Every structure is written in structure tokens, then in C-alpha cells.
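Report on the structure given below.
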Amino acid sequence: MDVVTDPRCLLHDVPLGFPEQPSRLISILAGLRAGGRAVHEPGAHPDARPLVERVHSAAYVERFRAAVERGDGLFDSADNPLVASTWDAACGAVDATLHAADAALAGRAAFAAVLEVFARSGRAWIVATVRSDFFAACQAIEPLRRLRAGRGQIDLLP
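Right, dumping it as C-alpha cells:
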């Protein structure tokens, strides 16, 4: 299993009370390492900006960057705190996510394995929906197949 992160994610040190704390990521990575997982930090992803702009408009991305640069405390809602390092942390999260997606597309079940670790920890419930046209591909991913076993799946029929 590939575990992918970026050290810039640890820079998002927002006020207490928000769940995105560096200590949370440090604990998760420590648990994965203690379980024998290697943690990779591949760095910048070459296609990050154009791929982000397939999800968010260029204007939105620029507005977010500018809000961080100005020193705004929040972005669009009270659930989105900003600190001086938020832009760098967000870029690190995007890069790590894209590298993990590349690994999954290459046949390495990076994200699915992380879901399994969380689900088996007893500290998280994983609720996921899968489109019917993607269901067969998910069957080929061993961690997802294991999570479905037993009471791990509820089929909702039309």
C-alpha cells in the first residue's frame, strides 16, 4: 500500500477547535508507520494547477490564494480558517492527493488501504457510495473487497 503525504500539510496550524490540526496528521502517520506502512513524500505534482482548475475555477483558486496572502482569518465560512501557511498546506494536500490517485490508477490501492486503516481503527466509520458503473472496478481493489465483507455493505436498490 502506498501512503502519500506532503510535509506542507503540517503547516496548516489553525486555532484549536478546528479538526485540521498538524497533531492529527502526525498521529495518523505515526499509526501507519507503526503498522509497517512506508510513508512517501513525492513533492509537487506536475499537473496540480490544471487539475485543480478542473474542479475549481481559476477565479476561485486565485480568490483563495489572495485571501491567504491578505491575512484573512476565514475563507467563505467559519468552517474554513486561514493562517499564513494555508495556501502552502493546501498545495501540499493537492499534490499528495494527486500522487495517491496516480498510484491507484497504476493499480496500487493507496486510498482504499487508508480507508481500511481508518475503518478498522474503531475511531471512524466510513460511509461511501459508488456509482453502478464504477462498482465492478471497485471489486478489483482488495482493501475495498475486505471492507465489504460481512456487515460492511448495504445495497440500496432502485
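For any residue, its number in the working numbering is found by taking its place in the sequence shown, counting from 1, and adding 156.
No residue lacks a Cβ here, since even glycine has one placed at the ideal position from N, Cα and C.
Quantities reported herein were computed from a predicted structural model and do not represent experimental measurements.
| Query | Result |
| --- | --- |
| Start and end residues, alpha helix (DSSP H) containing Pro-299 | 298 to 304 |
| Counterpart residues of Phe-231 in DSSP-defined beta bridges | Ser-233 |
| Beta-bridge pairing of Val-160 - partner residues as DSSP gives them | His-196 |
| The stretch 209 to 227 touching the stretch 185 to 201, judged by at least three CB pairs closer than 8 Å | no |
| Leu-254 versus Ala-204: straight-line alpha-carbon distance, rounded | 7 Å |
| Straight-line Cα distance separating Ala-260 from Glu-272 | 14 Å |
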